[in-house]
Amino acid sequence: MVAVTMRPASGGPPLGCLLALRFLTLVLWNVPGAWALDNGLAMTPTMGWLHWERFMCNTDCNEDPDSCISEKLFMQMADLMDSDGWKEVGYEYLCIDDCWMAPERDSKGRLQADPIRFPSGIRHLANYVHSKGLKLGIYADVGKKTCAGYPGSLGYYDIDAKTFAAWGVDLLKFDGCYCDSVEQLANGYKNMSLALNNTGRSIVYSCEWPMYMWPFHKPNYTEIRQYCNHWRNFGDIYDSWESVKSILRWTSSIQKTLVSAAGPGGWNDPDMLVIGNFGLSWDQQITQMALWAIMAAPLLMSNDLRQISLQAKTLLQNKDVIAINQDPLGKQGYLLREEDNIEVWERPLSNLAWAVAVVNLQEIGGPRSYTINVASLGQGLACNPACLVMELLPVKTKLGFYEWTSCLKTRVNPTGTVLLRLERN
Ligand code: GLA
51 MVAVTMRPAS GGPPLGCLLA LRFLTLVLWN VPGAWALDNG LAMTPTMGWL
101 HWERFMCNTD CNEDPDSCIS EKLFMQMADL MDSDGWKEVG YEYLCIDDCW
151 MAPERDSKGR LQADPIRFPS GIRHLANYVH SKGLKLGIYA DVGKKTCAGY
201 PGSLGYYDID AKTFAAWGVD LLKFDGCYCD SVEQLANGYK NMSLALNNTG
251 RSIVYSCEWP MYMWPFHKPN YTEIRQYCNH WRNFGDIYDS WESVKSILRW
301 TSSIQKTLVS AAGPGGWNDP DMLVIGNFGL SWDQQITQMA LWAIMAAPLL
351 MSNDLRQISL QAKTLLQNKD VIAINQDPLG KQGYLLREED NIEVWERPLS
401 NLAWAVAVVN LQEIGGPRSY TINVASLGQG LACNPACLVM ELLPVKTKLG
451 FYEWTSCLKT RVNPTGTVLL RLERN
């Protein structure tokens, strides 16, 4: 097991180059932050499933036996992730959120699962999940209590990290409720990172540190990146277009800060995918999938894999879009321009390719045409001297070759997105 150190995320330069690198990072704000938590994990954004948005803190297994937070729910999801093609396309981490715990620690001060809802315990669940070729995520909180009021980890970081490692847990989502001060919050997040590292087990560390920091002051993303594999910045996602829009609006409003923080080993987390639920229209689901790919976001679905439409499943399993999200270059995309309620986002990809998303934010009327001068894309390089353009969403279509001087016409549904991939020619 490696120690937590600052390191170049992708075999970067020796220390002698540090100053030059810092200068470059300042100039090219969309170059991913170079220094990441050195646990070798999350070299591309984490993919999986997380229970919170869809199942929340439903603990009533008498009233709602099929949807309460219980080992049965996670075993069923593990079965489906294995059998229904989710694992094949990359959804690997099956993650438990809040409300899995018993209300008290055990006599040795260890967290324990609710004995009624998790009668076989987390170790058994982890074995089951591993037997399906998947990984298990769990949830805890840096403060005195979890957000839903279960035991917090304050004062127990080492013991909790050891417990999770002993159970065979592969990811920890660490929430930030019930902290007394920003210092306690920051120290807690750092100490848990060190405690996880000390266990010797590879555990992805998913933080909410900056989200709880913002009300007090601007978070230090260089530092956060040294301790966390991904980090929530903004409030919880809801199953609604308003919520998805607010996340996109906030992300673009602060993108210089966020984009430079992201890169292999450490990612901004705009929260779960709510595709396949109740609140988003088809076009809005396309927008979430496309923009989460552009933003290099962890793809953590929160939906019911037992009852998901074929349409939503096909979108979530779209290999071309997942390839953009998982692009090994690991640079987060950004809003390039906004005019008349049309947003153009772009993301640099490996092999000089670019992803471009055209979003129609006008919520009145029908599909709108939008013409792009291809010379304006990819910092003038994407189609220089020419590029091959594929539409990936809504429908996979080869649009053909475009020379540097040509224009590309798109037609975008209200609240929908056209997602393109441009290969340099
Ligand atoms: C906070 C987090 C959510 C979820 C809940 C659980 O609100 O931001 O993602 O984990 O707590 O209580």
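If you use the working numbering, the sequence shown corresponds to residues 51 to 475, in order.
Note that the Cβ used here is the ideal one computed from N, Cα and C, for glycine as well.
Small disclaimer: the values here were computed from a predicted structure and weren't measured.
Check your understanding: Is it the case that the CB of LYS223 approaches a heavy atom of ligand 1 more closely than 8 Å?
Key -> Closer than 8 Å to some heavy atom of ligand 1: that describes the Cβ of LYS223.
Exercise for review: Would you decide whether LYS446 is buried or exposed? Buried here means 16 or more other CB atoms lie within 10 Å of its CB.
Suggested key: Exposed, because fewer than 16 other Cβ atoms sit within 10 Å of the Cβ of LYS446.
Point to revise | Span of the alpha helix (DSSP H) around SER303 | key: For SER303, the uninterrupted alpha helix (DSSP H) segment begins and ends at 291 to 303.
Check your understanding: Any Cβ of chain D within less than 9 Å of the Cβ of ILE172?
Key -> Annotation note: the requested chain D is absent from the structure, which comprises a single protein chain.
Exercise for review: Mark GLY285 as exposed unless 16 or more other C-beta atoms lie within 10 angstroms of its C-beta, in which case mark it buried.
Suggested key: Burial call: exposed.
Exercise for review: Keeping to the same chain, check which residues put their C-beta closer than 8 Å to that of GLY202; ignore five residues upstream and five downstream.
Suggested key: So the list reads ALA190, ASP191, VAL192, GLY193, LYS194, LYS195, THR196, CYS227 and TYR228, once near-sequence residues are dropped.
Review point. In terms of DSSP beta bridges, what is TYR143 paired with?
Key: According to DSSP, residue pairing for TYR143 in a beta bridge involves GLY98 and LYS185.
Review point. Nearest to ASN247 by CA position, among TYR271, GLU258 and ASP220, is which residue?
Key: Per the Cα distances, ASP220.
Point to revise | Euclidean distance between Cα positions of PRO444 and GLY205 | key: Taking the straight line joining both Cα atoms gives about 49 Å.
Exercise for review: Would you kindly work out how many angstroms separate the C-alpha atoms of LYS182 and GLU389, rounded to a whole number?
Suggested key: LYS182 and GLU389: Cα-Cα distance of roughly 47 Å.
Check your understanding: Between GLU393 and the rest of its own chain, which residues show a CB-CB distance below 7 Å, the 5 nearest in sequence each way excluded?
Key -> Residues LEU385, VAL409 and LEU411 of the same chain have their beta carbon placed closer than 7 Å to that of GLU393, with the five preceding and five following residues left out of the count.
Review point. What did DSSP end up calling LYS194 once you bin it into helix, strand or coil?
Key: DSSP places LYS194 in the coil class of the three-state scheme, outside both helix and strand.
Practice item. Kindly indicate the opening and closing residues of the alpha helix (DSSP H) around TRP342. Key: That run of the alpha helix (DSSP H) goes 332 to 344.
Review point. CB-CB under 8 Å to TRP342, same chain, minus the five flanking residues each way: which ones, in chain order?
Key: Spatial neighbours of TRP342 in its own chain (CB-CB distance under 8 Å, excluding positions within 5 residues in sequence) are listed in chain order as PRO320, LEU323, LEU349 and ASN375.
Review point. What did DSSP end up calling LEU355 once you bin it into helix, strand or coil?
Key: In the structure shown, LEU355 falls within a coil segment according to DSSP collapsed to helix, strand and coil.
Check your understanding: How is LEU69 classed by DSSP in three states: helix, strand or coil?
Key -> Note that LEU69 scores 30 on pLDDT, short of 50, meaning its location in the model is unreliable; the coordinates nonetheless yield the value given after this. Helix at LEU69.
**Study point:** Option in SER302, ALA362 and ASN391 with minimal Cα separation from GLY329
**Key:** GLY329 has its Cα closest to that of ALA362, out of SER302, ALA362 and ASN391.
Practice item. Go ahead and label LEU360 buried or exposed: buried means 16 or more other beta carbons lie within 10 angstroms of its beta carbon, across all protein chains shown. Key: With fewer than 16 other Cβ atoms within 10 Å, it is exposed.
Review point. Where does SER157 land, buried or exposed, given buried means 16+ other C-beta within 10 angstroms?
Key: Burial call: exposed.
Check your understanding: Within the present structure, is the beta-carbon of TRP102 separated from the nearest heavy atom of ligand 1 by less than 8 Å?
Key -> In this structure, the C-beta of TRP102 approaches ligand 1 to less than 8 Å from one of its heavy atoms.
Check your understanding: How close, in whole Å, do the beta carbons of TRP217 and ARG275 come, if the pair is a contact with beta carbons under 8 Å?
Key -> For TRP217 against ARG275, the beta-carbon gap comes to about 27 Å, at or over 8 Å, which does not count as contact.
Exercise for review: Verify whether the separation of the beta carbon atoms of GLN338 and VAL294 is less than 9 Å.
Suggested key: Contact flag set, yes.
**Study point:** Cut-off 7 Å between Cβ atoms - residues of its own chain near LYS448, not counting five sequence neighbours on either side
**Key:** The beta carbon of LYS448 sits closer than 7 Å to those of MET440, all from its chain and outside the five residues before and after it, given in chain order.
Point to revise | Length of the line joining the Cα atoms of THR460 and VAL468 | key: Cα to Cα, the separation comes out at about 7 Å.
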